[in-house]
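Read in order, the letters of the sequence shown correspond to residues -20 to -1, 1 to 299 in mature numbering (1 follows the signal peptide of the UniProt record, and there is no 0).
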Amino acid sequence: MAAFLLGAVFLIVQPQIVPSRPAINLNAETSQSVQKELLKKTSQKNDFKENIHSNGSCQQLPQTIIIGVRKGGTRALLEMLSLHPDIAAAESEVHFFDWEDHYRNGLQWYISQMPFSYSHQITVEKTPAYFTSPKVPERVYNMNQSMRLLLILRDPSERVLSDYTQVFYNHMQKHKPYPSIEQFLIKDGELNVDYKAINRSLYYIHMQNWLKYFPLDHIHIVDGDKLIKDPFPEIEKVERFLKLSPQINASNFYFNKTKGFYCLRDSGRERCLHESKGRAHPQVDTRLLEKLHEYFHEPNKKFFELVGRTFDWHSFVSS
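Written out as structure tokens, the structure reads:
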């Protein structure tokens, strides 16, 4: 009996092994003490210092991450979601999990990039590159396996054109020449499948990697094409996924005829996305577009089967 009690005491007082996959569920009600314990368990250094504001708010790890996709509408989604009073959003893309220089800084640095928020609020950060980075899913899982993830997708062909358009305008602003989109899409008379923008649109490949670590019910897919045409129903779904009270209304959105897309109205103030959003895509030969649609037909089909859902995307149909 004495030996049994001695063994039990030993189990209680021995140092706890740090788990590689912490099973702590961070939600809006997570207390600062639990936050501190998670940081201690997952950080190499045990020198975490709470950064608490005099008004009672503090910086905390995100409970939700918008993981992508690039040129899918992540900024629009974050701005719309920020209409909710229980959302505190990081202003800039943090790139913690995909940039080695940032990741080496540890969770203390990561938390310092977050906005100050109250205990009832959900902290959100968005970095579109997370979705296509092979190492990111495991890293997010090792931080918090209960993370709620938001993924916004557009028609893969349209996303490719938007991807090119962004880089093209970035070069134009710096007065640097940039090749036409045809020079990227065509190689030796065939579709250049090695073009990075095309690879980013192979959603099923990247989704498979995320599903190795997170169940499908932890990843909410926002239809980026519908978000552009009619944002309110898509935001309602996001509210339900995050278990937020329904606070965002149809009146928070209005169509700006000059810009050609929806803008936001909040407490009487109106604002639109940056002028870099909604740029016209380059004119592409119809036959080349058909090649692009044809190429994505099978990958799209695999993605639909993977997530158990279909999207109204272009697909090549042979005559």
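Every residue gets a Cβ at the ideal spot worked out from N, C-alpha and C, and that includes glycine.
Alpha-carbon spacing of residue i relative to residue j, whole angstroms
i      : j      : result
Ala69  : Lys281 : 34 Å
Asp197 : Lys217 : 13 Å
Gln125 : Phe212 : 29 Å
Glu162 : Tyr144 : 10 Å
Glu214 : Asp205 : 10 Å
Trp293 : Gly36  : 46 Å
Asn172 : Ile166 : 5 Å
His200 : Met152 : 35 Å
Val120 : Pro159 : 36 Å
Val116 : Ile208 : 28 Å
Lys154 : Ser99  : 43 Å
Gly288 : Ser34  : 47 Å
Arg84  : Ala109 : 18 Å
Lys192 : Gly248 : 44 Å
Lys223 : Met123 : 21 Å
Pro157 : Asp81  : 30 Å
Phe241 : Phe76  : 31 Å
Whether residue i touches residue j by CB criterion (9 Å)
i           : j      : result
Pro65       : Gln227 : yes
Leu133      : Val74  : no
Leu41       : Leu130 : no
Arg128      : Thr266 : no
Val140      : Tyr175 : yes
Arg180      : Lys106 : no
residue 336 : Glu118 : Within the shown structure, residues of the chain are numbered from -20 to 299, placing residue 336 beyond reach of any answer.
Ile32       : Phe111 : no
Phe291      : Asp203 : yes
Phe284      : Ser137 : no
Ser142      : Lys271 : no
Tyr184      : Leu268 : no
Tyr234      : Glu219 : no
Cys252      : Lys239 : yes
Lys97       : Gln39  : The residue asked about is misnamed: residue 97 is Ser in this sequence, not Lys. Yes. Within cutoff.
Ser72       : Gln88  : no
Phe104      : Leu63  : In the sequence as presented, Phe is not what sits at residue 104; that position holds Val. Contact flag unset, no.
Beta-bridge pairing of residue i - partner residues as DSSP gives them
i      : result
Val104 : Thr44, Ala69
Ser97  : Cys38
Arg251 : Leu244
Leu133 : Asp203
Arg128 : Thr44
Ile32  : Cys38
Outcome for residue i when other beta-carbon atoms lying within 10 angstroms are tallied against a minimum of 16
i      : result
Gly53  : buried
Glu278 : exposed
Leu6   : With a pLDDT of 41 at Leu6, under the threshold of 50, the predicted position of this residue should be treated as unreliable, and no value is reported.
His261 : exposed
Asp246 : exposed
Leu229 : Per the sequence shown, the amino acid found at residue 229 is Asn instead of Leu. Classification for Asn229: exposed.
Ala3   : Its pLDDT being 33, under 50, Ala3 is placed unreliably in this model, and the value from its coordinates should be taken loosely. Answer is exposed; the Cβ neighbour count stays below 16.
Gln263 : exposed
beta-carbon residue i near the ligand SAM non-hydrogen atom, thresh 8 Å
i      : result
Glu278 : For the ligand SAM, the structure offers nothing, since it holds no ligand at all.
Length at least 4, wholly inside the segment 154 to 236: the alpha helix (DSSP H) runs in chain order: 161 to 165, 176 to 180, 183 to 191, 204 to 209, 211 to 221
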